[in-house]
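**Student:**
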DNA sequence: ATAGGGTTAG
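Numbering (the numbering used here), first residue to last: 3 to 710.
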């Protein structure tokens, strides 16, 4: 970092040379002998007209014979062209053999590295320039700042920013725009904004860069606001401005407004804009509109198809996603690993083991690029379709694992209530890759799902102490969950109060969930108060609070909350349980009578409930909603979709098979207890996947212990 | 010669 230190600069130079050396390819000029000597005046146009490495190399060779390669002007043109063909090695070789400390040459070389995503070399070159006292100019900084941004090296970025000021380029529009983008990549949107505000001159790129910085940092409101201001100032939105503002759109009315701007400016014919609009509407919960846009596009490319599949996957419409993928194949449209990633994710939503096997085989046969990402997605798929063993097999066979793959496997163990194994894997991981924020979410939630209180705290404090990571709201949410499930609500509340940042909806949601288990109104009200502001649109929060009131017999309060919900036009997400029997998927809702075997199911259910009652099951009427007589309450519990699905599974599977069911919400507490008894009296293994995790029931116990 | 960009694993 210190440019005045001769020794460090020398070291840098040496390592730069080594790097460049690494790129060398010695035989690239062994082309057939050129027929005619090349003329200087045709040389540049020949270089510029070349369309590939193979047409460029002979030109280069003949330039060497006529000694044109000793001319700086020709060299820089060659480098630029090599760079545009992605051949960093040829560009490097030219640069390193041509001993000149010309500013233009350095700029071109820096540009070559940045354009080809080799982001640390521009920094070395810049340091070398400074050492040789070459004064950088306004063309140097945009590439350099871009490289800094990609490296996420904040310290370096700030040093170079200082240089920008020293050399007086801070008022250059290009340099200014690059600074805005760079700070956006550093997750320092407020710095970006400062740059933006201080700019003397702004172009459309400044506006879209700033909006993009907001979008990348989740500051959607600000992004939309700035976009609005841009329109107010009568600046015509560019395609990129639209693409940057679209991630900020989270509501349907906003989406409609953006769509109007798109149409008014004639940008709706652009395929990338159309594509982004598909994602936009699907994020707003309007997959139907997204689909309409998709259908209207005549000449659809691979990316559009992938986006639409991904849109379905995000909307949890996995059947539609898979159907679209099928159509894509039928229409013989090329697909790539991104498409497959969406398909795998679509399957993870309702993962059946059978589908997972099929997709896995498919991926193996297809030999895609990005094996790492695909393997990781498959691990997640197997985890979610209930097979930790297969997930682990993929994990063990991977030739390369990054922080995401480790975290996925750890969270897999956590989801299945195997906290100790999750922690063991975490320990092993430390020897290979550096854990990040999400790793800790996996580890901490693994602790909370298995009730590993001490280990949880130890990990939580090691985050900062050992790994220099500052806990975020998500981590506090895990800790509140851990304390809350264990009934230590007071401590959970104290932890929330001690948080250095404003608790988000996740934190309050954990507390509210714990209050439901342990029937605590006082803290529930506190949590709900914040949630109704932070996450006002989420119906689940209202239902939880109302259920807490109900379970304590406070009917009026409960009605009040239901009323509030109605007033805000929110509808409860209907709970349902899904079971796959003989390759067919069956869905049950509470009190369901749509199944052809309904009579048989209810008959069997009565018998089964009697059997488990004799074995000690006591219905927990805490989980009924209505203020009715005890006996009726018990019967209402029988109607829960979980129980119906389990009975259906018992009726329709062999005498020993594992029963696998899936609930879209959190599994009900009474059903959890009942399932324990069912697994005991029927001597069957039952696996329940709910919105958060898996419960493995065997011989009357659940893998989660009492940490429901 | 310069800045912003569509789908992408936890």
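Where is the CB? At the ideal position from N, CA and C, for every residue including glycine.
Looking at the structure shown, is residue 589 part of a helix, part of a strand, or coil, going by DSSP?
**Tutor:** Of the three classes helix, strand and coil, the one that applies to residue 589 here is strand, per DSSP.
**Student:** Can you tell which of 486, 444, 535 and 261 has its C-alpha closest to the C-alpha of residue 708?
**Tutor:** Considering only alpha carbons, the answer is 486.
**Student:** For the putative contact between residue 720 and residue 649, defined by C-beta atoms under 8 Å, what is the C-beta separation to the nearest angstrom?
**Tutor:** No information on residue 720 is available, as it lies outside the stretch 3 to 710 that the chain covers here.
**Student:** Quick one: Cα of residue 397 to Cα of residue 59, how far?
**Tutor:** Taking the straight line from one Cα to the other gives about 44 Å.
**Student:** For residue 569, which three-state DSSP category applies?
**Tutor:** Three-state DSSP puts residue 569 in a helix.
**Student:** For residue 331, which residues from the same chain have a beta carbon less than 8 Å from its beta carbon, with the 5 sequence-adjacent residues on both sides left out?
**Tutor:** Same-chain partners within the cutoff: 337.
**Student:** Counting beta carbon pairs with one atom in the stretch 384 to 393 and one in the stretch 357 to 366, are three or more of them shorter than 8 Å?
**Tutor:** With a cut-off of 8 Å, the stretch 384 to 393 and the stretch 357 to 366 count as touching, because enough Cβ pairs lie within range.
**Student:** Assuming residue 688 is part of the alpha helix (DSSP H), what are its boundary residues?
**Tutor:** No alpha helix (DSSP H) holds residue 688; the beta strand (DSSP E) holding it covers 688 to 691.
**Student:** Straight-line CA distance for residue 250 to residue 701?
**Tutor:** Approximately 50 Å, taken between the alpha carbons.
**Student:** Starting from the Cα of residue 670, find the closest Cα among 651, 623 and 532 and give me that residue.
**Tutor:** The shortest Cα separation from residue 670 among 651, 623 and 532 belongs to 623.
**Student:** Going by C-alpha to C-alpha distance, which of 254, 540, 406 and 155 sits closest to residue 575?
**Tutor:** Selected option, being the one with the closest Cα: 540.
**Student:** Does DSSP put residue 699 in a helix, a strand or coil?
**Tutor:** Correct three-state label for residue 699: strand.
**Student:** At 4 residues or longer, and completely inside the stretch 610 to 653: list those alpha helix (DSSP H) runs for me, N to C.
**Tutor:** Entirely contained in the stretch 610 to 653, the alpha helix (DSSP H) runs reaching 4 residues are, in chain order, 632 to 640.
**Student:** Under 8 Å, do residue 482 and residue 497 count as touching if we go by C-beta distance?
**Tutor:** Contact: yes.
**Student:** Give the DSSP-derived three-state secondary structure of residue 704 in the structure shown.
**Tutor:** Three-state DSSP puts residue 704 in a strand.
**Student:** Does residue 420 come out as helix, strand or coil in the three-state DSSP assignment?
**Tutor:** The answer is coil: DSSP assigns residue 420 none of H, G, I, E or B.
**Student:** Exposed or buried, what is residue 23 when buried is set at 16 or more other beta-carbons lying within 10 Å of its beta-carbon?
**Tutor:** Unreliable placement is indicated for residue 23, whose pLDDT of 42 sits below 50; the coordinate value is still reported in the next sentence. It counts as exposed.
**Student:** Can you find the residues in the same chain that come closer than 8 Å, C-beta to C-beta, to residue 16, ignoring five residues on each side of it along the sequence?
**Tutor:** Caution applies to residue 16, whose pLDDT of 45 falls short of 50 and renders its modelled position unreliable; the value that the coordinates give is listed next. Closer than 8 Å at the Cβ level, and outside the excluded window around residue 16, lies no residue.
**Student:** Which of helix, strand or coil does DSSP assign to residue 378?
**Tutor:** Correct three-state label for residue 378: helix.
**Student:** With a cut-off of 8 Å, do at least 3 Cβ pairs link the stretch 262 to 270 to the stretch 233 to 244?
**Tutor:** With the cut-off at 8 Å, the stretch 262 to 270 and the stretch 233 to 244 touch.
**Student:** Does the separation of the CB atoms of residue 484 and residue 450 fall below 8 Å?
**Tutor:** Going by C-beta atoms, residue 484 is nearer than 8 Å to residue 450.
**Student:** Please confirm whether residue 437 and residue 462 have their CB atoms less than 8 Å apart.
**Tutor:** Taking 8 Å as the Cβ cut-off, residue 437 and residue 462 do not qualify as a contacting pair.
**Student:** Give me the residue from 435, 419 and 154 with the minimum Cα distance to residue 406.
**Tutor:** Taking only the C-alpha atoms, the option nearest residue 406 is 435.
**Student:** Under three-state DSSP, which class holds residue 33?
**Tutor:** Interpretation of residue 33 is limited by its pLDDT of 46, a score under 50 that renders its predicted location unreliable; no figure is taken from the coordinates.
**Student:** Given 7 Å as the limit, tell me if residue 573 has its C-beta closer than that to any heavy atom belonging to the ligand ADP.
**Tutor:** The ligand ADP is not part of this structure, which contains no ligands at all.
**Student:** Whose C-alpha, out of 56, 113 and 680, is nearest the C-alpha of residue 616?
**Tutor:** It is 680 whose Cα lies nearest to the Cα of residue 616.
**Student:** Helix, strand or coil, according to DSSP, for residue 694 in the structure here?
**Tutor:** Three-state DSSP puts residue 694 in coil, outside helix and strand.
**Student:** Within 10 angstroms of the Cβ of residue 276, are there 16 or more other Cβ atoms? Answer buried if so, exposed if not.
**Tutor:** It is buried - the Cβ of residue 276 has at least 16 other Cβ atoms within 10 Å.
**Student:** Thinking residue 646 and residue 594 are a contact (beta carbons under 8 Å), I'd like their distance in whole angstroms, please.
**Tutor:** Right, the Cβ-Cβ distance comes to about 6 Å (below 8 Å), so this counts as a contact.
**Student:** Measuring straight from C-alpha to C-alpha, what distance separates residue 36 and residue 183?
**Tutor:** At residue 36 the pLDDT is 48, less than 50, meaning the model places this residue with poor confidence; the figure from the coordinates comes in the next sentence. Looking at the two C-alpha atoms, the distance is approximately 46 Å.
**Student:** Using CA atoms only, rank isn't needed, just tell me which of 684, 408 and 677 is closest to residue 690.
**Tutor:** Here the closest residue by C-alpha is 677.
**Student:** Nearest to residue 2 by CA position, among 95, 608, 590 and 578, is which residue?
**Tutor:** Beyond the ends of the chain as shown, which are 3 and 710, falls residue 2; an answer cannot be given.
**Student:** Measure from the alpha carbon of residue 189 to the alpha carbon of each residue in 344, 214 and 582, then state which is nearest.
**Tutor:** If we check each option's Cα against that of residue 189, 214 comes out closest.
**Student:** On the DSSP letters alone, give me the boundaries of the alpha helix (DSSP H) that residue 197 sits inside.
**Tutor:** Run containing residue 197: 191 to 200, per the alpha helix (DSSP H) assignment.
**Student:** If you drop the 5 nearest sequence neighbours on each side, which residues of the same chain put their C-beta closer than 7 Å to that of residue 611?
**Tutor:** Only 640 meet the Cβ criterion.
**Student:** From the DSSP secondary-structure annotation, give me the bridge partner or partners of residue 581.
**Tutor:** Paired residue(s): 588 and 663.
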